[in-house]
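Below: the structure, in structure tokens.
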Amino acid sequence: MVNIGLLGDISAGKTSILRLFVRYLKVGDIEKVKGGKKCTVVKTDFSGEATVPGGDKEDSLNQKETKTIHPNRVVFREDSTGKAHTIFAPGGDRRRAVVKMGIITISRIATQIIAVVSLDRELKRQFEFFNDVRFFPDKIYVCINKIDLIEGDKDKKLEEIKNKIDAFFNQRKISVIDYFITCGEIVKDFAEVEEYNNNVAEMILGITVNR
Ligand SMILES: Nc1nc2c(ncn2[C@@H]2O[C@H](COP(=O)(O)OP(=O)(O)OP(=O)(O)O)[C@@H](O)[C@H]2O)c(=O)[nH]1
Ligand SMILES: [Mg+2]
């Protein structure tokens, strides 16, 4: 059994990734992705998601309607082996004590960590989030999310970003096992949406049932 912790700064897309994964499980698309296996949802808990009336005013970059207060959680089972795995996605707003408690708890109980980094904001600010997390395994996965929002030479920018992420974690003696490039939303006007949505499902399966 694997306990995955999805950690990352506010609005990186942790909850969206978790919801998208549940959608793959429920609709049956999970068998169609690379390394796809039949899996069943055992339990979902998104009750830690709170509505922010009129958008999140503390966060001028982001006027979204909900934010995570208590960690979201999904338990799923691989049908053929019967093995269950849990994914936890705490909130990213570590200035709030209760959110921070969730981050600390999940960073301690997770057996695998996926650091979620969003392409729509400065890396420096997102690194500050990880600097605040004290308990980290020495090997982690990194998910680079919101690929639809990257502008210009995609491959070149991704290479630069990966190098910066590597340097940041290496300085803390943490190595990156693998990078996953994802789109955590079903973005209508993005031509490659299916490929990058699939990457979400392939990422989770790769760390759990296909390990
Ligand atoms: N364009 C685009 N938007 C995304 C993507 N993934 C998530 N979003 C949007 O980003 C915003 C934040 O997503 P959340 O999933 O709430 O982010 P979070 O990391 O869970 O946020 P907190 O829990 O509050 O820290 C929402 O408006 C999502 O619709 C993506 O791949 N592309
Ligand atoms: Mg969230």
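Going letter by letter, the sequence shown gives residues 1184 to 1394 in this note's numbering.
Think of the CB as a built atom: it goes at the ideal place given N, C-alpha and C, for glycine as much as any other residue.
By the C-beta criterion, the segment 1326-1341 is judged to be in contact with the segment 1352-1365, since at least 3 inter-stretch pairs fall below 8 Å. Proximity to ligand 2 was defined by a C-beta distance below 6 Å to any of its heavy atoms, and the residues meeting it, in sequence along the chain, are Lys-1197, Thr-1198, Thr-1251, Ala-1272, Gly-1274. Assignment of Phe-1271 by DSSP, reduced to helix, strand and coil, places it in the strand class. Straight-line spacing of the CA atoms in Ile-1357 and Pro-1320 works out to 7 Å. Between Gly-1196 and Gly-1367, the C-beta gap is smaller than 7 Å, which places the two residues in contact. At least one heavy atom of ligand 1 lies closer than 6 Å to the C-beta of Ile-1193.
Cβ contact annotation for Glu-1232 (same chain, cutoff 7 Å, sequence separation greater than five): Thr-1198, Thr-1249, Thr-1251, Asn-1255, in chain order. Within the chosen limit of 6 Å, ligand 1 does not reach the beta carbon of Gly-1285 with any heavy atom.
Taking 7 Å as the cut-off, the Cβ atoms of Val-1258 and Lys-1209 do not count as close.
Runs of the alpha helix (DSSP H) spanning 4 or more residues and lying entirely within the segment 1195-1256 occur at 1197-1210, in chain order.
Using a C-beta cut-off of 8 Å, the segment 1188-1195 makes contact with the segment 1267-1287, since at least three inter-stretch Cβ pairs fall below that distance.
Judged by their CB atoms, Ala-1384 and Ile-1213 are nearer to each other than the 7 Å cut-off.
Distances from the CB of Asn-1328 to the heavy atoms of ligand 1 include at least one below 6 Å. With a cut-off of 6 Å, the C-beta of Lys-1266 is classified as distant from ligand 1, since no heavy atom of the ligand falls inside that distance.
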